[in-house]
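K.L.:
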Amino acid sequence: MATAPGALSGGPRQRFRPALTVCLLAYGAGILCAPYFPFSLYLVFAPLPAAFSLIIPAPRPPKGLLLIFFFSALGLSLYHLSLQPPRHPSHVSHFTGQEVGLQGQIAAVFPGADRTTVDLAAEQLFLPGRHLGIFGKVRIYVRQAADNLTPGDRLRIRCRLRPPSRFGTPGEFDHPRHLARMGIHAVTSLPSHSHLAPLPASHRVPLSIRIEKIRHFLREFINAAVPPDQASYLRAILIGDRSGFGREETERLSRLGVAHLFSVSGLHMGILFAVLYPPALFLIRRSETLLLRLGPPRRLLPLLLAPFLGFYLLLAGGGLPAQRAFWMILLGGALLFLYRHGNSLAVLATAAFGVLLGDPPALFSPSFQLSFVAVFAILLLTPPWLAKTAAWPGFVRYPMTLFLVTFWATSATFPLVLSHFHVASATGLVTNLFAVPVVAGIALPAAMTAAALSPFLPAAAAIPLQISGRLIEETLALGDAFARILPGTDRGFYTTPVQNLGIYLLLVLLLWQPWKRQRRKMAVAFTLLGICLLFLPPLKDDALTVTALSVGQGDAILVSIQGKHYLIDGGGLPAANLDIGERIVAPALARLGVRRLEAVVLTHAHPDHYLGLIHILGHFPVAEFWSAMEAEELPVPIREVLRRREIPMAVWPRGWHQTGPPSAIRIFVPDQQSSNINNRSLGFYCRYGQDSLLLTGDLEADGLRQLLETAPFNRATLVKLPHHGSFSSRLDALLATMNPELIFVSVGRNNPHGLPHRQAVAAATKRVGHLFRTDQDNTLRFHSEGMGWRALRWQRGLFR
């Protein structure tokens with residue numbers, strides 16, 4: 000992490016500039032609130048009244064309040080403006096939803112083991128009978144590995160463009176926002192690289208693509224010089240390319256607490272600055288002309304080296320930690336040039352302000368949060384402790400300094416890591432003591448040397464690269480050895496919003512340190528409040544709530560009654576490189592405040608129902624697993640996680656069975672010998688007051704017939720359409736018998752099966768007037784106090 004010179008020298012405690020602090024906090028608060036509001040012109044012009052009030056003279060204007068309002072409104076406005084596609088009619092985003100021919104240059108390539116992602120800078124668009132000149136980026140997902148693509152290549156494809164979309168669940172990563180930050184507002188997918196038609200190269204190559212070509216050259220050079228298991232780490236540490244990291248590598252780095260070493264950050268910028276500074280200083284001191292013209296070299300060198308650091312920033316992908324370090328070095332150099340005393344915290348705040356003014360949604364990025372919070376904690380908390388070790392011998396002081404920096408950075412970012420990555424590991428306090436010197440002090444400079452030599456002496460350049468790869472491999476192996484003996488190295492800690500609030504309050508205490516001032520009573524109160532929120536059980540809710548998670552083409556339904564939670568199925572996308580349980584269902588359960596599941600119910604053994612349950616069973620406390628299948632009949636991954644976690648099984652025989660809090664739940668098991676697995680689906684019935692719920696799994700005609708003929712009730716006020724609304728189910732009989740007030744269906748957006756079937760939609764609409772659909776309405780929530788259902792949709796961060 001690059002910090003201002005002398006920032007850790009053990010000097011007096013640093014303070015923020017009050018005005019800068021207030022403006023930054025107000026601006027950040029506006030950005031944080033922005034996702035909860037829809038885009039409108041009112042938000043765009045919201046800062047103007049406060050700006051006019053600040054400009055127009057007044058006897059005693061409340062400038063403080065006006066500044067807070069202005070910067071809050073500015074955050075709201077700039078956030079939404081930064082995510083909107085250009086309104087120009089030739090922008091590619093205006094052609095989403097259409098089948099088009101597309102031509103352009105490859106701006107970036109992200110190769111994978113079994114698929115490839117391509118960013119195409121569009122140039123021409125072909126429609127029947129005409130073609131148009133267009134602009135804008137399109138992200139292309141190729142469901143096949145393609146090794147012959149390089150930035151700058153020109154392609155023509157035939158595709159259907161679509162806007163980026165989310166699943167629409169609480170706690171989900173906002174992928175459209177992530178793409179919009181890169182200027183991508185249209186995406187498409189292709190089955191193989193054979194659908195990419197190459198065209199002759201263009202002589203006009205933009206600077207951004209030229210830099211991407213250099214990145215691609217270095218990527219290929221690394222791949223050829225070292226084994227594949229080392230290449231992915233070297234690509235990450237040198238050019239910020241983490242596309243080679245699968246789940247195993249990502250979890251390993253998180254578990255060891257060294258993930259920060261494998262993303263280009265302030266540490267890399269600091270090392271590059273340290274490498275460039277001595278030779279630059281030597282050259283300037285040897286030239287009388289330069290000394291006379293430029294003045295004291297130490298005063299000008301940071302600014303003179305800025306272009307080299309800026310080039311590396313672009314070469315490494317422009318990551319937010321690297322941006323933070325670049326701007327801090329630039330600001331520090333400017334202060335040095337102007338002979339101004341630099342407050343490191345003020346420099347950090349100014350860098351944060353600058354990054355957020357240019358990229359407001361960056362505030363939601365984990366890399367932004369982790370980078371700035373870690374450096375803030377280091378600058379604020381480390382100097383007082385270093386002052387106490389100033390007289391210690393160097394061989395003791397250095398490891399103590401490294402430990403203190405790691406300890407404060409790890410402690411300060413703990414809530415963020417837990418919230419974003421669900422990891423709680425103290426291993427990094429030990430592993431960083433040897434990983435930072437080896438990786439940052441030896442492996443990274445060796446890799447940088449290899450990159451500089453690779454265009455001219457590739458054979459010689461491969462040697463330091465191989466040394467670097469071997470050092471990284473041995474360092475991670477040693478880290479694994481420590482992880483096996485140290486506690487708290489597991490992955491999968493899902494915290495509820497209340498628990499997160501408690502952790503953040505404890506973090507505020509850590510950074511604020513009120514016990515050093517006359518605030519002990521408040522400190523004790525904050526501590527007790529944080530501990531209570533961290534361990535306080537959730538308030539018991541006696542109502543009945545049904546949450547149909549939007550998991551694509553699959554089912555995942557959470558039923559909560561009298562404070563107990565039941566998860567019926569967990570979704571799953573067999574053809575996608577995505578663990579629905581880890582990425583969608585688990586964050587949703589945590590965001591909804593679920594700490595424990597009374598039962599996990601598997602209706603039947605189809606992948607779109609059970610794949611997501613593997614992660615849930617492995618990482619959430621589960622009292623029981625319900626199914627109609629014996630253990631040996633379950634899918635192997637389900638069977639293994641049940642055995643490993645020692646989760647009790649309840650195997651229901653054929654017929655209706657009563658269970659749950661005061662016998663409010665009934666389970667239906669159809670004939671399990673049916674050749675159609677859908678007709679083996681369990682049914683789930685729940686009653687609360689005058690309201691009742693019926694979930695029908697994927698039952699088709701025969702299964703529904705069994706359910707209706709044997710049902711011990713004749714009404715269900717809320718019904719889920721069976722089998723995602725297919726036409727093969729007896730919907731007319733189901734709806735006529737149950738006479739529901741509300742109907743919903745769990746279905747994937749633009750699914751290839753054309754579900755729900757138009758006749759199913761017509762039947763449901765005719766019966767109740769409206770069909771709730773997860774593909775159109777996102778995650779659905781139905782709440783009952785026993786006197787009628789209230790339907791809500793997940794929109795803009797809330798159920799509305």
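According to numbering that gives the first Met the number 0, the residues represented by the sequence shown are 0 to 799, in order.
Every residue gets a Cβ at the ideal spot worked out from N, C-alpha and C, and that includes glycine.
1. Compare the Cα-Cα distances from E597 to each of Q671, I615 and Q775 and report the closest residue.
2. Report the residue from Y565, P360, G167 and L124 whose alpha carbon sits nearest the alpha carbon of R799.
3. Cα separation between L178 and L470?
4. DSSP three-state call for V550: helix, strand or coil?
5. With H, G and I counted as helix, E and B as strand and the rest as coil, what does DSSP make of G132?
6. Provide the residue(s) that pair with F667 in DSSP beta bridges, ordered along the chain.
7. Cα-Cα, which of R284, H259 and L304 is closest to A273?
8. For V545, is the classification buried or exposed, using 16 other Cβ atoms within 10 angstroms of its Cβ as the cut-off for buried?
9. Going by Cα to Cα distance, which pick from S164, C158, A196 and F367 is closest to G747?
10. Pick from G617, H603, L733 and P647: whose alpha carbon is nearest that of N678?
11. Find out if the Cβ-Cβ distance for the pair L612, I637 is shorter than 8 Å.
12. Under the assumption that A627 contacts Q671 (Cβ atoms under 8 Å), give the Cβ distance between them as a whole number of angstroms.
13. State buried or exposed for A223, treating a residue as buried only when at least 16 other CB atoms are found within 10 Å of its CB.
14. What are the boundary residues of the beta strand (DSSP E) that includes F743?
15. Which of the three DSSP states is assigned to G592 in this structure?
16. For R93, count the other beta carbons within 10 Å of its own beta carbon; 16 or more makes it buried, fewer makes it exposed. Which is it?
17. Classify G228 as buried or exposed, calling it buried when 16 or more other Cβ atoms lie within 10 Å of its own Cβ.
18. Could you name each continuous beta strand (DSSP E) segment of 3 residues or more that falls completely within the stretch 405-432, going from the start of the chain to the end?
19. Since G682 and L707 are thought to touch, with beta carbons under 8 Å apart, how far apart are those beta carbons, to the nearest angstrom?
20. If you count every other CB in all the chains shown that lies within 10 Å of the CB of I54, and 16 or more means buried, which is it?
21. Which residues share a DSSP beta bridge with G103?
22. Output yes if chain B places a C-beta closer than 8 Å to the C-beta of V550; else output no.
23. May I ask you to report which of helix, strand or coil DSSP gives H267?
24. Hey, A585 and H782: beta-carbon distance below 8 Å or not?
25. For L717, which option in R757, P652, G702 and W788 has the closest C-alpha, if you only look at C-alpha atoms?
26. Measuring CB to CB, does Q104 end up less than 8 Å from R138?
27. Pick out the complete alpha helix (DSSP H) segments inside the stretch 44-104, 4 residues or longer, and give them in chain order.
28. From S76 to I183, what does the alpha carbon distance come to, in whole angstroms?
29. Given a cut-off of 8 Å, decide if P751 and Q705 are closer than it, judged by their beta-carbon atoms.
30. Apart from the five residues just before and just after Q689, which ones in its own chain have a Cβ nearer than 8 Å to its Cβ?
31. I think G318 touches S262, with their Cβ atoms under 8 Å apart; what is that distance to the nearest whole Å?
32. Can you give the Cα-Cα distance for G5 and I133, rounded to whole angstroms?
33. Throw me the rounded Cβ distance for the L255 and G427 pair, which I believe falls under 8 Å.
34. Taking 8 Å as the cut-off, decide whether the C-beta atoms of S745 and P360 are in contact.
35. Out of curiosity, what's the CA-to-CA distance linking Y276 and G269?
36. Per DSSP, which residues does I283 bridge with? Please list them.
P.N.:
Taking the structure as given:
1. If we check each option's Cα against that of E597, I615 comes out closest.
2. Comparing Cα-Cα distances from R799 to each of Y565, P360, G167 and L124, the minimum goes to G167.
3. If you take the alpha carbons of L178 and L470, they lie about 35 Å apart.
4. Coil, per DSSP.
5. Shown here, G132 sits in a strand according to DSSP, grouped into three states.
6. According to DSSP, which records beta bridges pairwise, F667 is partnered with W655 and G682.
7. Checking every option, the nearest Cα to that of A273 belongs to L304.
8. Answer is buried; the Cβ neighbour count reaches 16.
9. Restricting attention to S164, C158, A196 and F367, the CA atom closest to the CA of G747 is found in S164.
10. Nearest option by C-alpha distance: H603.
11. Yes, these two residues count as a Cβ contact at 8 Å.
12. Confirmed, about 6 Å.
13. With fewer than 16 other beta carbons inside 10 angstroms of its own, A223 counts as exposed.
14. Where F743 is concerned, the enclosing beta strand (DSSP E) stretches over L741 to V744.
15. Three-state result, G592: coil.
16. According to the sequence provided, residue 93 is His. The question's Arg does not apply to it. In summary, H93 is buried, with 16 or more beta-carbon neighbours lying within 10 Å of its beta-carbon over all protein chains present.
17. As written in the sequence, residue 228 is Asp, which differs from the Gly given in the question. Exposed is the call here.
18. Within the stretch 405-432, not a single complete beta strand (DSSP E) segment reaches 3 residues in length.
19. Wrong, their Cβ atoms sit about 10 Å apart, outside the cutoff.
20. A residue is called buried when at least 16 other Cβ atoms come within 10 angstroms of its Cβ; I54 does not meet this threshold and is exposed.
21. According to DSSP, G103 bridges with A121 and L154.
22. This model lacks chain B altogether, as it is built from one protein chain only.
23. DSSP places H267 in helix when its eight states are reduced to three.
24. Going by C-beta atoms, A585 is not nearer than 8 Å to H782.
25. In terms of Cα proximity to L717, the closest of R757, P652, G702 and W788 is W788.
26. Taking 8 Å as the Cβ cut-off, Q104 and R138 do not qualify as a contacting pair.
27. Within the stretch 44-104, the complete alpha helix (DSSP H) segments at least 4 residues long are 46-54 and 62-82, listed from N- to C-terminus.
28. Spanning the two alpha carbons is a distance of roughly 20 Å.
29. Cβ distance not < 8 Å, so Q705 and P751 don't count as in contact.
30. T716, G785, M786 and G787, listed in sequence order.
31. The pair is a contact, with the Cβ atoms about 6 Å apart (cut-off 8 Å).
32. For G5, the pLDDT reaches just 46, beneath the cut-off of 50, and the residue's location in the model is therefore unreliable, although a value from the coordinates is still provided. The alpha-carbon atoms of G5 and I133 are separated by roughly 51 Å.
33. The pair is a contact, with the Cβ atoms about 7 Å apart (cut-off 8 Å).
34. Not in contact: S745 and P360 (Cβ atoms no closer than 8 Å).
35. Using only the alpha carbons, I get a separation of about 10 Å.
36. DSSP, once it has assigned bridges, lists no residue as partnering I283.
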